[in-house]
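Heads up: the sequence shown begins at -3 in the numbering used here, then just goes up one per residue. Let me begin by presenting the structure, written as structure tokens, before commenting on it.
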Amino acid sequence: GRKPIGLDVKLSAYEFEYDGNTKTPGVTVTILGTTTTLGASEYQVEHSTITKAGRASVTIKDTGSGNYSFSDIYVNFTITPKELTMSASMDAKTYDGSTSATVRPGALNGVVSGDDVSVAETSVNGTFDNEFVGTGKPVTLSQNFTLTGDKAGSYTLTQPTVTGNIIAADQEPAITATASVARGGKTLDLSTLVSDVKENGTVCFEISEGGDYATLDGSTLTTTDKTGTVKITVKIGAVDLGGDNTPEYK
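Right, dumping it as structure tokens:
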């Protein structure tokens, strides 16, 4: 009769990266406790048909021929998730005194052709390194982008490195458009006509028309003896809050 034996089964590899295909590692079968290789006609090799990331196996079965008999032997190996990368983008942010950022996902790189996998989020929140105006500023994601789709479990996603820009905000002061002053040396403090200047930005005044009807010293308008309309140009100075000569308000 056939002699019962134990077997030592070794695979050519125990770990494969997912690529959408069935994995068929090579097999070496020896009689347990020896270096004697079992004849190829005495066993049958069956590979699992699993193609997704996770555990797969090789089964060694007795063909019923030869001098030895043995029970089925199962040897496991691993299909590891494939790593994907992607870019990310964000619109330039207008300075608002906060470090908040909104980051959008880019295209995935490395997806096996035909696989159903995509980025689940249309955007995630992030944080600038500081609130001040600048270009190419580092942004830290407050939450990770994740994958979705039938094949999402066979992939991992490397989070993108993100930089973004903060641009200067416009000064939007409230300006009283008209005011009346009697002629003949009367004065008006023009600064009382301007409010809501951001961060104490400097306010300058210039007479653009009607210089015969008034004079200007700083913000003080003084009328002459003539009657007429004086037009004033208001200029708001840029404000640099970060101390790097890049204004946060322009």
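Ideal Cβ placement from N, Cα and C applies to all residues, glycine included. Bear in mind the structure is a predicted one, so any value in this text is a computation, not a measurement.
By the neighbour-count criterion, in which 16 or more other beta carbons inside 10 Å mark a residue as buried, GLU127 falls on the buried side.
For THR219, the number of other beta carbons within 10 angstroms of its own is at least 16, and it is reported as buried. Cβ-Cβ separation between ALA103 and LEU143: approximately 13 Å, too far for a contact (criterion under 8 Å). Take LYS147, set aside five residues on each side of it, and the residues of its chain with a beta-carbon closer than 6 Å to its own are ASP111, ASP112, VAL113, in chain order. Among the bridge pairs identified by DSSP, ALA165 is matched with TYR245. Of all alpha-carbon atoms in ASP58, PHE12, GLY50, the one lying nearest the alpha-carbon of VAL25 is that of ASP58. Between ARG(-2) and SER44, the CB-CB gap reaches or exceeds 8 Å. For GLU38, the closest alpha carbon among the candidates ASN17, THR74, LEU3, TYR14 is that of LEU3.
The C-beta distance from GLY149 to LYS48 rounds to 7 Å, short enough to meet the 8 Å contact threshold.
With respect to the 8 Å criterion, THR123 and SER96 are classified as neighbours on the basis of their beta carbons.
Separation of PHE73 and ALA9 (C-alpha to C-alpha, rounded to the nearest whole angstrom) is 8 Å.
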